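Position 73 (the sequence shown) corresponds to 104 in the working numbering; numbering is contiguous. For every residue, glycine included, the Cβ atom is placed at its ideal position computed from N, Cα and C. Because the structure is a prediction, the values reported are computed rather than measured. See below for the structure under consideration.
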Amino acid sequence: MKRSDAPKDLTSRQHAQVGSRVRSRVTLTQLELMRQVAKMQNITAAGRELGISGSLAARQVAALERALGMRLFQRTTRSIRPTEAGERVLEWVGQTLDSFTELDDSMNAMAQTPRGVIRLAANYYAAGTYLPGALAEFNALYPDIKLSVVTTDELVDLVANGIDVAIHSGRIPDSSMVGIKVRSVHRVLCASPEYLQRAGIPRTLDDLRAHSCLVHSTNEPINWFFRKGDETVGIAIRPRFEANNHNVLLEFARHGLGIARLGRNTVREDIESGRLIQLLPAYACVYPSGELPNVWILYPNRRLLYRTRVLVDFLTKKLSALTEYPSNK
């Protein structure tokens, strides 16, 4: 490695140490371990992530510090954090490991055999319905790719959480992510027969103000928006129960706790069986802009690795082809 490849802003002595010793004494495993320790702030957990024992991980970190001739981590009884020199080395470590990952990815692409680990975030509805079958099909096509799935209804920071791909239902993502719109989400108002017998059936949008409504958790004022034709109307509702999971809201509705606004596919069987009753079907549930929510496939705004691109292409095709219960436009 040339001197210019060493971490920037190190002292001249540290430049020389990194440049001369990395060539012969440092392994990629040690560099990956250093990155994991910095991320998890725990040597044992970092070792477990890489499939080695805590004691071996500690020895490898110590060996790396000896090889580089500098203290990389500040250790206390409660935590382990990078030193100033360690932070600078970490920048170079990240670039180095990313370069090797890209090289490995290029070799995979040439061989047409994608492999490696992909971290996928998905909302609860996707994870509980169509996603398992889709991933089983994907696994049959690409058995060398390992998938790690995280479920959440929130839009997480993909880079900070190490997420490669996310399936998200909601608003248009910000510019830090690339978003592929695969479909729109048609939501309906619904409640159980027991609730409607007790509270009455809303005949107009204004009637909703007097009802107990089940809402997805939010820190903003609660308004539900509806569209009929070209007109969009907002109604201030009375939240009775809140949850950050649409499956929980579905159970609330089934148990007669109020009126919910849920995806048409989510409540299709309940409506067909009579367990839930659809309300005000002439109105589409929309955003303040009058637009329907969308399902997005998201990934960080950077070049996709081959294995990730394969998954993105697969999910885009799969989700776009999903059938949906008839909708109100």
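Nearest to residue i by CA position, among the options, is which residue?
i	options	result
phenylalanine 256	Val148, Leu353, Gly210 and Gly321	Gly321
valine 180	Asn154, Ala171 and Ala267	Asn154
valine 264	Thr297, Gly85, Asn275 and Tyr318	Tyr318
arginine 150	Leu87, Gly100 and Val190	Val190
lysine 212	Ala76, Val57 and Leu346	Leu346
valine 124	Thr60, Leu236, Glu273 and Lys259	Thr60
aspartate 175	Gln143, Val57, Asp129 and Arg56	Gln143
aspartate 184	Ala93, Ser130 and Val279	Val279
glycine 193	Ala152, Arg214, Ile232 and Lys177	Ala152
arginine 334	Gly85, Ser84, Ile232 and Thr132	Thr132
If we call anything under 7 Å between Cβ atoms a contact, is residue i one with residue j?
i	j	result
leucine 342	valine 196	yes
glutamate 80	glutamine 72	no
isoleucine 266	isoleucine 253	no
tyrosine 161	histidine 277	no
tyrosine 330	valine 209	yes
glutamate 225	glycine 287	yes
alanine 88	isoleucine 111	no
leucine 64	glutamine 91	yes
cysteine 221	glutamine 309	yes
leucine 134	alanine 69	no
serine 223	leucine 353	no
alanine 165	threonine 182	no
asparagine 332	serine 207	yes
Spell out the partners DSSP gives residue i in its beta bridges.
i	result
valine 181	Ala152
serine 200	Val326
lysine 212	Trp327
valine 264	Phe257
serine 243	Arg269
leucine 361	The question about residue 361 has no answer, for the chain in this structure spans 32 to 360.
At the level of alpha carbons, what is the spacing between residue i and residue j?
i	j	result
leucine 62	alanine 116	15 Å
arginine 271	aspartate 188	30 Å
arginine 54	alanine 98	Low per-residue confidence applies at arginine 54: pLDDT is 49, beneath 50, and the placement is therefore not dependable, though the value from the model is reported in the following sentence. The alpha-carbon atoms of arginine 54 and alanine 98 are separated by roughly 10 Å.
alanine 230	glycine 289	9 Å
lysine 348	tyrosine 173	16 Å
glycine 100	leucine 186	42 Å
valine 219	cysteine 316	6 Å
asparagine 275	leucine 293	13 Å
proline 113	proline 163	39 Å
alanine 77	leucine 236	54 Å
aspartate 301	proline 312	15 Å
valine 57	glutamate 168	40 Å
valine 216	leucine 350	12 Å
lysine 259	arginine 234	15 Å
alanine 119	asparagine 170	In the sequence on display, residue 119 carries arginine and not alanine. Approximately 39 Å, taken between the alpha carbons.
Next on the checklist: Closer than 8 Å is the cut-off here; do at least three beta carbon pairs connect the region 191 to 204 with the region 321 to 332?
Outcome noted: yes
Checklist entry - Is there contact between the region 234 to 249 and the region 277 to 291, where contact requires at least three CB pairs shorter than 8 Å? => result yes
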